[in-house]
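Participant: Below is a structure I'd like to ask you about.
In the working numbering, the protein residues as written are 6 to 145.
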């Protein structure tokens, strides 16, 4: 963050992709030239005091439900993760020797890996999971 701040005048906008807001105090003098996209849930930690203290920081959510965790934040827009649905066509006749389903995401209740397991069981296909497990999701 120190290096970014030292070079801040070289950029029109500085886009932070952080799930925490440690940069707020360092960039308060230029909050209007920043945007922050938090990647993760905002409802399980009490972040409201940070937003009351630093209300000028523009925010971009990754989903409408994410904004519910901090309804008073300075939300500019929602930009969903993902790809256009017409960019890839599903393969109904897999050419792999052993076809499988894939789940790529966070292992948490809100990402619903249990649905992937149900689909794999009902289809008779092997399931491959690649996922991050956050400390808050270990019990799940």
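Even for Gly, the Cβ is constructed at its ideal location relative to N, Cα and C.
These numbers were taken from a predicted model, which means no experiment stands behind them.
1. Judging by CA-CA distance, which residue of 42, 7, 33 and 37 is the nearest neighbour of residue 3?
2. Using only the alpha-carbon positions, how far apart do residue 13 and residue 55 sit?
3. Grouping DSSP H, G and I as helix and E and B as strand, with all else coil, what is residue 84?
4. Under the three-state reduction of DSSP, which class applies to residue 24: helix, strand or coil?
5. Of the choices 52, 137, 92 and 68, whose alpha-carbon is the least far from that of residue 29?
6. If residue 85 and residue 67 are in contact, beta carbons under 8 Å, what's the gap, nearest whole angstrom?
7. What is the residue span of the alpha helix (DSSP H) that residue 10 lies within?
8. Within the region 32-88, note down every full alpha helix (DSSP H) run reaching 4 residues or more, in order along the chain.
Facilitator: Once the coordinates are examined:
1. Since the displayed the chain opens at 6 and closes at 145, residue 3 lies outside it and no answer follows.
2. In the chain shown, residue 13 corresponds to position 8, counting from 1. In the chain shown, residue 55 corresponds to position 50, counting from 1. Straight-line Cα distance between these residues: approximately 22 Å.
3. Residue 84 sits at position 79 when you count from the first residue of the chain shown. Coil at residue 84, not helix or strand.
4. Within the chain shown, numbered from 1, the residue matching residue 24 stands at position 19. Coil.
5. As a first step, residue 29 must be located in the chain shown, where it is residue number 24. Here the closest residue by C-alpha is 52.
6. Position 80 of the chain shown, counted from the start, is the residue given in the question as residue 85. Position 62 of the chain shown, counted from the start, is the residue given in the question as residue 67. The pair is a contact, with the Cβ atoms about 6 Å apart (cut-off 8 Å).
7. Translated into positions along the chain shown, residue 10 becomes position 5. 7-11 is the span of the alpha helix (DSSP H), which, as asked, contains residue 10.
8. 53-58 and 69-72
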